[in-house]
Amino acid sequence: MRPTPEEDLIFIKDKLLPAMIKAGRFNESLRSVTFDHYSAIARPYPYQLRDYHLNFALYRAEINFNHSNASTCTVNVWVKLLPNDCTKPTLTQALNGFHNEEYFWRRVSPLVGRELLPRFYAAEMQKYGRPVVVVEDLEMSGFRRSLDPRQLSAEEAILVLKCIGRMHGKGMALKQNRPHMYAEIRRRFKKVTLHSSDLPRIQRELLIMSNQLSRVSIGGAIVRRLLESDPLSTCREAFESEPVTICNGLTFRGNMWFKYDENDELQAVKLLDWQRACSGSNCFDFAMINEEGDHRSYWRYFREVYYKAVRREYPAATERSLFENYSQAGLCYKLILSTLPTPYISPPDGEMPDDEPSYCTLL
1 MRPTPEEDLI FIKDKLLPAM IKAGRFNESL RSVTFDHYSA IARPYPYQLR
51 DYHLNFALYR AEINFNHSNA STCTVNVWVK LLPNDCTKPT LTQALNGFHN
101 EEYFWRRVSP LVGRELLPRF YAAEMQKYGR PVVVVEDLEM SGFRRSLDPR
151 QLSAEEAILV LKCIGRMHGK GMALKQNRPH MYAEIRRRFK KVTLHSSDLP
201 RIQRELLIMS NQLSRVSIGG AIVRRLLESD PLSTCREAFE SEPVTICNGL
251 TFRGNMWFKY DENDELQAVK LLDWQRACSG SNCFDFAMIN EEGDHRSYWR
301 YFREVYYKAV RREYPAATER SLFENYSQAG LCYKLILSTL PTPYISPPDG
351 EMPDDEPSYC TLL
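Quick note, the sequence shown lines up with residues 1 to 363 if you use UniProt numbering.
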């Protein structure tokens with residue numbers, strides 16, 4: 001049985017945070033590791049999570065450390081919790097996702113860098129009595145979601161592509177130069193893909209897409225083809241294709257947090273959720289980012305930005321190798337997860353800019 005929010009808050013305040021403080025998990029954020037006393041406040045995260053997040057409860061906590069010189073240091077964190085009992089079939093995906101996130105934070109992130117990551121404090125499956133992930137509260141650190149509720153700006157998309165490209169490049173270099181370590185990473189990641197219980201929702205959303213796109217030949221044909229096929233099998237086949245690098249797997253607008261300076265210059269981006277971290281095609285991430293921006297005239301520039309970012313970390317990468325699976329693995333995966341209101345489609349009357357790729361042979 002899932003704990004109530006009240007029980008979660010008691011667990012965070014009375015068990016989790018004291019244990020983390022005792023273990024020195026917040027020392028890196030303190031001006032001095034010695035303090036006289038502390039106080040902690042835990043409360044639910046005020047915004048509802050969309051269903052693309054796997055099954056977890058999100059809370060925010062504020063810890064105030066009081067020092068002997070009367071100064072106070074405050075640490076703000078997000079706490080992600082799973083239920084105590086994850087044996088139910090409906091929670092299997094969430095448990096696998098937490099396993100991936102824990103493994104990514106603890107073992108993989110030091111290898112691929114933390115440019116895209118919030119500050120990390122804890123990722124434990126059992127140590128605190130239930131699975132927990134504790135990271136920096138990005139809102140309190142000045143980050144925010146994209147201002148446009150419909151899509152990323154071109155500037156935001158370019159920054160994300162630069163960051164994820166470097167991460168992908170590091171993963172490719174790791175695969176080439178330390179194959180045994182990469183094989184271990186691939187083995188340790190759990191498969192987090194669609195579950196049979198997701199099928200009714202997917203079919204319903206694809207049907208809505210199909211009705212919306214009935215007059216657009218390419219987009220409508222793509223969605224109708226998915227409706228006539230087995231979406232679960234298609235998604236699983238995409239996941240099981242030859243892995244290329246280490247991916248976030250959840251690179252869309254709702255998972256991105258941006259930071260601007262006082263002159264509104266874009267400074268940084270962080271991805272909050274790493275439950276779908278996987279060893280798989282780089283196209284999973286690239287396709288999501290490209291379509292979240294949906295700036296058709298920028299497509300070739302986005303591709304060039306991403307390619308250069310990958311080559312900074314892995315000079316042996318070729319443009320062909322990076323994008324040969326783009327149509328099949330990337331777009332199908334994204335469509336099936338139904339993370340967009342419409343797929344990436346051609347303009348009316350079949351007009352397509354010269355730098356726009358054709359998706360006539362997607363499926």
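Beta carbons are placed, not taken as given, at the ideal position from N, Cα and C, and that holds for glycine. Computed from a predicted structure; not experimentally measured.
- Only exposed fits K191, as fewer than 16 other CB atoms lie within 10 angstroms of its CB.
- Considered as a whole, the stretch 239-289 harbours 245-247, 256-260, 266-271 and 278-280 as its complete beta strand (DSSP E) runs of no fewer than 3 residues, in chain order.
- Counting every other CB atom within 10 Å of its CB across the protein chains shown gives N69 a total below 16, marking it as exposed.
- Distance from Q275 to E156 at the Cβ level is roughly 22 Å; contact not present, criterion being Cβ atoms closer than 8 Å.
- Taking a C-beta distance under 7 Å as the contact criterion, L81 and D8 qualify as a contact pair.
- The shortest C-alpha to C-alpha distance from A61 to any of L174, V133 and S153 is the one to V133.
- With distances taken between CA atoms, G254 lies nearest to K270 out of K270, H99, D261 and Y301.
- The beta carbons of M172 and Y307 sit no closer together than 7 Å.
- By the CB criterion at 7 Å, N282 and V244 fall inside the cutoff.
- The C-alpha of F35 is placed about 28 Å away from the C-alpha of P131.
- Look at R60 here: in three-state DSSP terms it is strand.
- Y121: not part of any alpha helix (DSSP H); member of the beta strand (DSSP E) spanning F120 to E124, first to last residue.
- Taking L116 as the centre and dropping the five residues before and after it, the same chain places the C-beta of C163, I164, M167, N248, V269, K270 and L271 closer than 8 Å to its C-beta, in chain order.
- Burial is judged here by how many other beta carbons sit within 10 angstroms of a residue's own beta carbon; Q93 has at least 16 and is buried.
- The residue among S297, M20, K175 and R107 with its C-alpha nearest the C-alpha of G280 is K175.
- Taking C-alpha positions only, V79 is separated from V135 by approximately 7 Å.
- Here the C-alpha atom of S39 lies approximately 13 Å from the C-alpha atom of M20.
- Exposure of R201 is indicated by the presence of fewer than 16 other C-beta atoms within 10 angstroms of its C-beta.
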